[in-house]
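For reference, the structure discussed in these notes is given below.
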Amino acid sequence: MANVLVFAEVRSGDLRKVALEAVTAARQIADLSGGGNVHAVLAGAAGIGAKADVLAQHGADSVLVLEHAGFAQYNPEALAATLAQRLGAGSYGFAVFSATAQGRDLSPRVAAKLGAGLAPDLTGFTVEGGQVFGQHFNMNGKTIATLALTGSPAILSVRPAAVQPVANAKPLATEAITSAADPSASRVKVVELKQGNTGKIDLNDAPVVVAGGRGLKAAENFKLCEDLADAFGNAAVGATRAVTDEGWRPHSDQIGQTGRNVSPNLYIAVGISGAIQHLAGMRTAKTIVAINKDKDAPIFKIADYGIVGDVFEVMPALTAAVKAAKA
Ligand code: FAD
Numbered sequence: 032m033a034n035v036l037v038f039a040e041v042r043s044g045d046l047r048k049v050a051l052e053a054v055t056a057a058r059q060i061a062d063l064s065g066g067g068n069v070h071a072v073l074a075g076a077a078g079i080g081a082k083a084d085v086l087a088q089h090g091a092d093s094v095l096v097l098e099h100a101g102f103a104q105y106n107p108e109a110l111a112a113t114l115a116q117r118l119g120a121g122s123y124g125f126a127v128f129s130a131t132a133q134g135r136d137l138s139p140r141v142a143a144k145l146g147a148g149l150a151p152d153l154t155g156f157t158v159e160g161g162q163v164f165g166q167h168f169n170m171n172g173k174t175i176a177t178l179a180l181t182g183s184p185a186i187l188s189v190r191p192a193a194v195q196p197v198a199n200a201k202p203l204a205t206e207a208i209t210s211a212a213d214p215s216a217s218r219v220k221v222v223e224l225k226q227g228n229t230g231k232i233d234l235n236d237a238p239v240v241v242a243g244g245r246g247l248k249a250a251e252n253f254k255l256c257e258d259l260a261d262a263f264g265n266a267a268v269g270a271t272r273a274v275t276d277e278g279w280r281p282h283s284d285q286i287g288q289t290g291r292n293v294s295p296n297l298y299i300a301v302g303i304s305g306a307i308q309h310l311a312g313m314r315t316a317k318t319i320v321a322i323n324k325d326k327d328a329p330i331f332k333i334a335d336y337g338i339v340g341d342v343f344e345v346m347p348a349l350t351a352a353v354k355a356a357k358a
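Numbering (the working numbering), first residue to last: 32 to 358.
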């Protein structure tokens, strides 16, 4: 039995979906290890504590709330000091982070402070003989490594969308904590946040993803995806590797085994064949709609709804229908 400390990622004063995934993963690990407690760390400016109940609902037994103006933006030095101090107190078997830009920066800082090992970018967990293991894609996804999460604590990060957030009714228990280092003295300061994705909403957080493939034929035709995403209003645009290799979209838009994992409520695959490496990054989407002119395209095997047709005819009609439904 081991307690788990999980860092809940916040952006612009709001919990990210990856935070709920991380707490769900922490709950799984605690249960696999014999039923330890999950403590979530929630850091932000004054008022962030109001989000604690969401973490409790996803399986945190208690939420450690760190409110300070110095945490209004990501503050790696003060966060690493605080988390390492908590973990160093010795009552934790695991520390869980999201394998996001922030988590990939913070988790090694904490591991280095503790002299602990780090298992990054895990996609699932198993237990054997009381030992918890994590799975990690290696060599561009050609092999899967199984890592024994040993050490106390074992530090790990969870790949976005690898774990489905699960609502898990828990009574809210919070504890206010203080920073182990002066947050305003940090040598690292976030001065500006720039949206990497051309959409207004991050691919990992978007409830709707419109993803385009080589069937769109050229970079400028991604306007068809952007128009549909705009019509939904809460959608982000993604792409296949064939597209990012062509340079039609940035690599940060790539979905799949060697790109990003997404798990939206609705995934619309536009001119995408459905290669196994692409499916690895989106198969957990709740509803999948595929548009492809080839009725035998593999994407139709996992699609909930399939439209056999030319994307250049179907997409404008679909966008008009979504706009009409929203009007
Ligand atoms: P294609 O396979 O060329 O499919 C295009 C589809 O568009 C076809 O099905 C065609 O019927 C349809 N089409 C064409 N014209 C139209 C039209 N006018 N209207 C409607 N439909 C049309 N891929 C990823 O996506 N993500 C990854 O992370 C990834 N990682 C990889 C890792 C490794 C180690 C390897 C070896 C490969 C990886 N790939 C990845 C590549 C993957 O194998 C495929 O090559 C890629 O996903 C294909 O992209 P696509 O579906 O856009 O293109």
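In this text, a Cβ means the ideal position worked out from N, Cα and C, and glycines have one as well.
Just so you know, these numbers come straight off a predicted model, no measurement behind them.
**Prompt:** What residue range is occupied by the uninterrupted alpha helix (DSSP H) comprising glycine 134?
**Reply:** Numbered from its first residue, the sequence shown carries residue 134 at position 103. According to the DSSP assignment, glycine 134 belongs to the alpha helix (DSSP H) that extends over 132-145.
**Item:** Nearest candidate by alpha-carbon position, reference histidine 282, set Gly269, Gly80, Val127
**Value:** Within the sequence shown, residue 282 is the residue found at index 251, counting from 1. Selection Gly269, Gly80, Val127 evaluated against histidine 282 yields Gly269 as nearest (Cα-Cα).
**Distance between phenylalanine 168 and proline 295 (C-alpha atoms, nearest Å)** = As a working mapping, residue 295 is identified with position 264 in the sequence shown. As a working mapping, residue 168 is identified with position 137 in the sequence shown. Each residue's CA atom was taken as its position, placing proline 295 and phenylalanine 168 some 22 Å apart.
**Asked** According to DSSP, which residues form a beta bridge with glutamine 285?
**Response** Locating residue 285 in the sequence shown gives position 254, where the first residue counts as 1. Beta-bridge pairing links glutamine 285 to Ala270.
**For serine 188, the residue or residues it bridges with in DSSP** = By one-based count along the sequence shown, residue 188 stands at place 157. Beta bridge pairing from DSSP links serine 188 with Phe128.
**Prompt:** So does glycine 290 have its beta carbon nearer than 7 Å to some heavy atom of the ligand FAD?
**Reply:** For the purposes of this step, residue 290 is taken as the residue at position 259 of the sequence shown. Remark: the C-beta of glycine 290 is in contact range of the ligand FAD, defined as less than 7 Å to any heavy atom.
**Asked** So does histidine 309 have its beta carbon nearer than 7 Å to some heavy atom of the ligand FAD?
**Response** Numbered from 1 along the sequence shown, position 278 holds the residue referred to as residue 309. It does: the Cβ of histidine 309 is within 7 Å (strictly closer) of some heavy atom of the ligand FAD.
**Item:** Whole-angstrom distance between glutamine 195 and alanine 53, CA atom to CA atom
**Value:** Taking the sequence shown and counting its residues from 1, the one referred to as residue 53 is at position 22. Taking the sequence shown and counting its residues from 1, the one referred to as residue 195 is at position 164. Using only the alpha carbons, I get a separation of about 9 Å.
**Request:** Give the secondary structure of valine 197 by DSSP, where H, G and I count as helix, E and B as strand, and everything else as coil.
**Result:** Here the question's residue 197 lines up with position 166 in the sequence shown. When secondary structure is reduced to three states using DSSP, valine 197 falls in the coil class, being assigned neither helix nor strand.
**Message:** With H, G and I counted as helix, E and B as strand and the rest as coil, what does DSSP make of threonine 181?
**Reply:** Here residue 181 corresponds to residue number 150 of the sequence shown, with the count starting at 1. If DSSP states are grouped into helix, strand and coil, threonine 181 belongs with coil.
**Prompt:** Between which two residues does the beta strand (DSSP E) harbouring phenylalanine 168 extend?
**Reply:** Residue numbering aside, residue 168 sits at position 137 when the sequence shown is read from its first letter. According to the DSSP assignment, phenylalanine 168 belongs to the beta strand (DSSP E) that extends over 162-169.
**Request:** Say yes only if the C-beta of valine 342 is nearer than 7 Å to one or more non-hydrogen atoms of the ligand FAD, and no if none qualify.
**Result:** The residue labelled residue 342 in the question sits at position 311 within the sequence shown. For the ligand FAD, at least one heavy atom lies less than 7 Å from the Cβ of valine 342.
**Prompt:** What is the C-beta distance between alanine 237 and alanine 266, in whole angstroms, given that I count them as a contact (C-beta under 8 Å)?
**Reply:** As a first step, residue 237 is located in the sequence shown; it is residue number 206 there, counting from the start. As a first step, residue 266 is located in the sequence shown; it is residue number 235 there, counting from the start. Taking a contact as a CB-CB distance under 8 Å, the pair alanine 237 and alanine 266 counts as one, their CB atoms being some 6 Å apart.
**Request:** Keeping to the same chain, check which residues put their C-beta closer than 8 Å to that of alanine 150; ignore five residues upstream and five downstream.
**Result:** Within the sequence shown, residue 150 is the residue found at index 119, counting from 1. So the qualifying residues of the chain are Gly165, His167, Leu178, Leu180, Ala185, Ile186, Leu187, Ser188.
**Message:** Looking at valine 94: is its Cβ nearer than 8 Å to the Cβ of alanine 103?
**Reply:** The residue you call residue 94 lines up with position 63 of the sequence shown. The residue you call residue 103 lines up with position 72 of the sequence shown. In terms of Cβ geometry, valine 94 and alanine 103 do not form a close pair [threshold 8 Å].
**Cβ neighbour criterion (16 or more within 10 Å) applied to glycine 278** = The residue labelled residue 278 in the question sits at position 247 within the sequence shown. Glycine 278 is exposed by the Cβ-count criterion.
**Request:** Evaluate isoleucine 60 with the Cβ neighbour count: other Cβ atoms within 10 Å of its Cβ, from every protein chain shown; 16 or more gives buried, anything less gives exposed.
**Result:** Mapped onto the sequence shown, residue 60 falls at position 29. In the assembly as shown, isoleucine 60 is a buried residue. Its beta-carbon has 16 or more other beta-carbons within 10 Å.
**Asked** Between the stretch 34-52 and the stretch 112-126, are three or more C-beta pairs nearer than 8 Å?
**Response** Result yes; three or more Cβ-Cβ pairs closer than 8 Å.
**Unbroken beta strand (DSSP E) run spanning phenylalanine 38, endpoints** = Against the sequence shown, residue 38 aligns to sequence position 7. For phenylalanine 38, the uninterrupted beta strand (DSSP E) run begins and ends at 34-39, by DSSP.
**Message:** Taking its Cβ as the centre, do 16 or more other Cβ atoms sit within 10 Å of tyrosine 336, making it buried, or is it exposed?
**Reply:** Counted from its first residue, the sequence shown places residue 336 at position 305. Its Cβ having fewer than 16 others within 10 Å, tyrosine 336 is exposed.
**Prompt:** Who are the near neighbours of alanine 50 in its chain, counting only those whose CB is closer than 6 Å to its CB and skipping five residues on each side?
**Reply:** On the sequence shown, position 19 is the one that residue 50 refers to. By the criterion of a C-beta distance shorter than 6 Å, alanine 50 is surrounded in its chain by Ala39, Glu40, once the five residues flanking it on both sides are discounted.
**Message:** Any heavy atom of the ligand FAD inside 7 Å of the beta-carbon of isoleucine 299?
**Reply:** The residue given as residue 299 occupies position 268 in the sequence shown. Judged by the Cβ position, isoleucine 299 fails to qualify as a neighbour of the ligand FAD at the 7 Å threshold, every heavy atom of the ligand being at least this far.
**Asked** Under a Cβ-count criterion, where at least 16 other Cβ atoms within 10 Å of its own Cβ denotes burial, should threonine 209 be classed as buried or exposed?
**Response** Here residue 209 corresponds to residue number 178 of the sequence shown, with the count starting at 1. The residue is exposed, with fewer than 16 neighbouring Cβ atoms inside 10 Å.
**Nearest-angstrom Cβ-Cβ length linking threonine 55 and valine 197, presumed shorter than 8 Å** = Within the sequence shown, the letter at position 24 stands for residue 55. Within the sequence shown, the letter at position 166 stands for residue 197. Between valine 197 and threonine 55 the Cβ distance is about 5 Å, and since that is below 8 Å, they are a contact.
**Asked** Candidates Gly124, Leu73, Leu46: which alpha carbon is nearest leucine 66's?
**Response** Indexing the sequence shown from 1 puts residue 66 at position 35. The residue you asked about is not leucine; residue 66 is glycine in the sequence shown. Considering only alpha carbons, the answer is Gly124.
**Message:** Any contact between the stretch 62-82 and the stretch 147-162? By contact I mean 3 or more CB pairs, one from each, below 8 Å.
**Reply:** By the criterion of at least three beta-carbon pairs nearer than 8 Å, the stretch 62-82 is in contact with the stretch 147-162.
**Request:** Grab me the residues of alanine 100's own chain with a C-beta within less than 6 Å of its C-beta, minus the 5 sequence neighbours each way, in chain order.
**Result:** Position 69 of the sequence shown, counting from 1, holds the residue named residue 100. Here the set comprises Ala76.
**Request:** Assign valine 26 to one of three DSSP states: helix, strand, or coil.
**Result:** Examination of residue 26 is not possible in this model, given that the chain is present from 32 through 358 alone.
**Item:** Top-ranked residue by Cα proximity to phenylalanine 331, from Ala348, Glu344, Leu310
**Value:** By 1-based counting over the sequence shown, the position of residue 331 is 300. Of Ala348, Glu344, Leu310, the residue nearest in Cα terms is Leu310.
**Request:** Leaving out five residues on either side along the sequence, give the residues of the same chain with a beta carbon under 8 Å from the beta carbon of leucine 145.
**Result:** Working through the sequence shown from its first residue, we reach residue 145 at position 114. Sequence-distant partners of leucine 145 (beyond 5 residues in either direction) whose C-beta falls short of 8 Å from its own C-beta, in its chain, are Ala115, Leu118, Gly119, Pro184, Ile186.
**Message:** My output table needs one value for valine 342: the three-state DSSP class, helix, strand or coil.
**Reply:** Start at 1 with the first residue of the sequence shown, and residue 342 comes out as number 311. Helix.
**Prompt:** What residue from Leu110, Gly78, Ile286 has the CA that sits closest to glycine 305's CA?
**Reply:** Taking the first residue of the sequence shown as position 1, residue 305 is located at position 274. Per the C-alpha coordinates, the member of Leu110, Gly78, Ile286 positioned closest to glycine 305 is Ile286.
**Message:** Which same chain residues end up closer than 7 Å to lysine 82 when comparing Cβ atoms and leaving out the 5 residues on each side of it in sequence?
**Reply:** Start at 1 with the first residue of the sequence shown, and residue 82 comes out as number 51. So the list reads Leu46, Leu73, once near-sequence residues are dropped.
**Message:** So for isoleucine 307, helix, strand or coil by DSSP?
**Reply:** Here residue 307 refers to the residue found at position 276 of the sequence shown. Shown here, isoleucine 307 sits in a helix according to DSSP, grouped into three states.
**Message:** Cutting at 7 Å between CB atoms, please list the residues of its own chain near aspartate 353, excluding the five before and the five after it.
**Reply:** Here the question's residue 353 lines up with position 322 in the sequence shown. The sequence given here has valine at residue 353, not aspartate. Taken in chain order, the residues that qualify are Leu259, Ala262, Phe263.
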